[in-house]
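What follows is one structure encoded as structure tokens, with my remarks underneath.
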Ligand code: PMP
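Numbering (the working numbering), first residue to last: 314 to 718.
Here is the structure:
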């Protein structure tokens, strides 16, 4: 693996100061920073070949269409999908889940059918299903969690039934960092012929994706969580599903023939890509995946594991600090609260020290309700962070505590 100083130099923003203090960025769960190569890829599009994709016969349009399709191939290879046709670009995880919830609902769901999610889901993997259930008279069932922040697998098996039409679960909890046993979840669902959607928003950047090995039916993620640009995401779907499902948006490029009487749709994956896609961001995402592959996914996971162990030990040693989410199977995210000190006060004081953490419910209110708390402070660590930064966080927290004593 590259030396950490070299890695950090790849990300220009990491060198900046905030309130004249070196920036310590621990908000990677919300969005990750971008390496120069991704910024350069975006600049290259706009300075040398920007032109709308797929519709032109001219040089620039050809170049940008080729770069866009090359990015699709990079995604295919990164997630190990069998075919490029199974890789649809969307606006992000939220866009992908809403799209599938709509199309799946229209095609397959009837009154009384059930969809299963877990208690650990981000709102993006709850609300679209509730909207669909409301439209179709279906029922949302929830896999409960224990106090370590893990799903209770036996309870999942109890609610998985003939009524279940789809299971949609996150690979990793954004609020607590828990890694879900998705292989077991998928195997159990498939044993009763139920398809599974995996929300990979927090899994993709920690090196954990191989859609063939997982055998998931859908896998969705956002570019901005894996060092890529905002405004781009991916919906992977097995060809069988994408062929059967109707499109979730109509417009240009997703059609074959349009008349006022009837419209036929384009081939996969274009059937699901209506209107002008965010092709510069897709190309930037391709570049981000190149970057991650260049650093090495196994090395990234190993480094993050080491940083998690270090941070857990450091923070656990602080009197009055309670960590939420203690599963043995976790990514490098630590959610915590300080005794008698509000999370917003903690976050705001840390901010003045140049330390960026996230405070609040992390768009996972049911998780907070489980613990009966209004939110947490979340430090989400990634491979470009350092032990020295973790030391700064621990010292910052001690300072907050001393200020309130
Ligand atoms: N699911 C999970 C687990 C997430 O962490 C997030 C982002 N915080 C989302 C879905 C939504 O992602 P986006 O806002 O990029 O669509």
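The beta-carbon is built from N, C-alpha and C at its ideal position, and this holds for glycine as well. Owing to the predicted nature of the structure, the values given are computational and were not obtained by experimental measurement.
Within the segment 522-565, the complete alpha helix (DSSP H) segments of 4 residues or longer fall at 524-527 and 552-557, listed in chain order. Among the bridge pairs identified by DSSP, residue 691 is matched with 648 and 671. Taking C-beta atoms under 8 Å as the contact rule, residue 355 and residue 542 qualify, at a distance of about 6 Å. In the structure shown, residue 391 adopts helical secondary structure according to DSSP, grouped into three states. Across the set 461, 616 and 463, the C-alpha of 616 shows the shortest separation from the C-alpha of residue 316. Those residues that bring their Cβ nearer than 5 Å to a heavy atom of ligand 1 are 405, 406, 407, 435, 437, 483, 487, 512, 514, 515 and 535.
Residue 427: member of the beta strand (DSSP E) spanning 427-431, first to last residue.
Taking 8 Å as the upper bound for CB-CB distance, residue 677 and residue 488 are in contact here, some 4 Å apart.
Here residue 385 is buried, its C-beta having at least 16 other C-beta atoms within 10 Å.
Apart from the 5 residues on each side of it in sequence, residue 346 sits with its Cβ closer than 6 Å to the Cβ of 324 and 326 in its chain, given in chain order.
When the Cα atoms are used, residue 510 and residue 342 turn out to be separated by approximately 20 Å. In the DSSP assignment, residue 512 forms a beta bridge with 483 and 533. Within the DSSP secondary-structure output, residue 335 pairs in a beta bridge with 330. Burial check for residue 590: the Cβ neighbour count within 10 Å reaches 16 or more, so the residue is buried. If you look at residue 401, you'll find it in the beta strand (DSSP E) that goes 400-403. By the Cβ criterion, the segment 653-662 is not in contact with the segment 600-611, since fewer than three pairs of Cβ atoms, one from each stretch, lie closer than 8 Å.
Per DSSP, the continuous beta strand (DSSP E) segment holding residue 570 begins and ends at 568-571.
Restricting attention to beta strand (DSSP E) runs no shorter than 3 residues, the segment 587-637 encloses them at 634-637, ordered along the chain. Distance from the CA of residue 431 to the CA of residue 494, rounded to the nearest whole angstrom, comes to 12 Å. In the structure shown, the three-state DSSP call for residue 500 is helix. Taken through DSSP and simplified to helix, strand or coil, residue 440 comes out as helix. Residue 709 is a Cβ neighbour of residue 663, given a cutoff of 7 Å. Check the Cα spacing between residue 642 and each of 622, 398 and 588: the tightest is with 622. Across the set 665, 517, 469 and 672, the C-alpha of 665 shows the shortest separation from the C-alpha of residue 330. Residue range 700-717 is occupied by the alpha helix (DSSP H) that includes residue 710. CA-to-CA, the gap between residue 378 and residue 711 works out to about 53 Å.
Residues of the same chain with a CB within less than 8 Å of the CB of residue 533, apart from the 5 flanking positions on each side, are 403, 406, 409, 410, 413, 510, 511, 512, 513, 514, 546, 547, 548 and 549 in chain order. Distance from the Cα of residue 519 is smallest, within the candidate group 705, 583, 639 and 695, for 695. The beta carbon of residue 560 is closer than 8 Å to those of 416, 567, 578, 584, 585 and 587 in its chain, skipping five residues each way along the sequence.
Taking all protein chains in view, the Cβ of residue 716 is surrounded by fewer than 16 other Cβ atoms within 10 Å, so the residue is classified as exposed. Rounded to the nearest whole angstrom, the CA to CA distance from residue 332 to residue 462 is 36 Å. In terms of Cβ geometry, residue 645 and residue 638 do not form a close pair [threshold 7 Å]. Counting only residues of its own chain and dropping the five nearest sequence neighbours on each side, residue 468 has a CB closer than 8 Å to the CB of 456 and 457.
With respect to the C-alpha of residue 674, the residue from 486, 564, 460 and 562 having the closest C-alpha is 486. A straight-line Cα-Cα distance of about 47 Å links residue 375 and residue 452. DSSP links residue 454 through a beta bridge to 429.
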